[in-house]
Amino acid sequence: MKTIKIIGLFLASVIAGSGFTGCKGDTYESRIKELILKDMSFPSSASSAVQTFRLEDLSHYKISSNSAWCKAKIQKDSCLIRVNVDENTSYDQRVAVVTLSDVIDTTQTRTFNVTQIARSEERFSRNAETD
3 MKTIKIIGLF LASVIAGSGF TGCKGDTYES RIKELILKDM SFPSSASSAV QTFRLEDLSH
63 YKISSNSAWC KAKIQKDSCL IRVNVDENTS YDQRVAVVTL SDVIDTTQTR TFNVTQIARS
123 EERFSRNAET D
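Here it is in structure tokens:
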């Protein structure tokens, strides 16, 4: 009788133990494809804007820009991406590509464009509004 109890306890512990390790085989699935990323436009002056992702855990992502005049940063505690641009003193519009990458699944990336109008375009558009 004692042997049956010991075997029963052993089987119960094996079954319970396998239940706790059942989650180890779960695979990470990136949510980066589900984020709605919007292209952003800025005036020629130094400016800042954000894209907000309500209740999204952004801790699995990193962000970068391909241009020095455009700086992007993830603010994880606020669930947002902040983009800052330096003043555009040239007479040419410029475009930067911002890349959002998943740090766990490195094959998952998304991009959006940041456009800043040329200094002359802004002046001409203001003159057209006042004429």
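The opening residue of the sequence shown carries number 3 in my numbering; numbering runs sequentially from there. Beta carbons: idealized from backbone N, C-alpha and C, even for Gly.
- Are the beta-carbon atoms of T66 and A98 separated by less than 7 Å? The sequence position of residue 66 within the sequence shown is 64, counting from 1. The sequence position of residue 98 within the sequence shown is 96, counting from 1. Position check: residue 66 holds Ser in this sequence, whereas Thr was assumed. The answer is no: Cβ separation not under 7 Å.
- Just list the beta strand (DSSP E) runs in the region 37-93, keeping only unbroken ones of 3 residues or longer that don't cross its boundaries, in chain order. 42-44, 49-54, 63-67, 72-77 and 82-87
- Item | Spatial distance of L96 from D59 (CA atoms) | In the sequence shown, residue 96 corresponds to position 94, counting from 1. In the sequence shown, residue 59 corresponds to position 57, counting from 1. Per the sequence presented here, residue 96 reads as Arg, with Leu not at that position. Each residue's Cα considered, the two are about 31 Å apart.
- Rank E31, K40 and V52 by C-alpha distance to the C-alpha of L82 and give the top, closest one. As a position in the sequence shown, residue 82 is number 80, starting the count at 1. With distances taken between Cα atoms, L82 lies closest to V52.
- Message: Buried or exposed, going by whether 16 or more other CB atoms sit within 10 Å of the CB of Y143?
- Response: Because the chain spans 3 through 133 in this model, residue 143 falls outside it and cannot be assessed.
- Message: Can you tell me whether L190 is buried or exposed? The criterion is at least 16 other CB atoms within 10 Å of its CB, across all chains shown.
- Response: With the chain running from 3 to 133 in the structure shown, residue 190 is simply not present.
- Task: Under 8 Å Cβ to Cβ from W71, same chain only, skipping five residues before and after it: list those, please.
- Result: If you number the sequence shown from 1, residue 71 lands on position 69. V87, D88, N90, R96, A98 and Q118, listed in sequence order.
- Message: Between which two residues does the beta strand (DSSP E) holding V145 run?
- Response: With the chain covering 3 to 133 only, the question about residue 145 has no answer from this structure.
- Do you know offhand how far V85's Cα is from S50's? Working through the sequence shown from its first residue, we reach residue 85 at position 83. Working through the sequence shown from its first residue, we reach residue 50 at position 48. So the alpha carbons of these two residues sit roughly 6 Å apart.
- Item | Where R112 falls: helix, strand or coil (DSSP) | Position 110 of the sequence shown, counting from 1, holds the residue named residue 112. Of the three classes helix, strand and coil, the one that applies to R112 here is strand, per DSSP.
- DSSP puts T29 in a beta bridge; with which residues? As a working mapping, residue 29 is identified with position 27 in the sequence shown. DSSP output for T29 lists no bridge partner at all.
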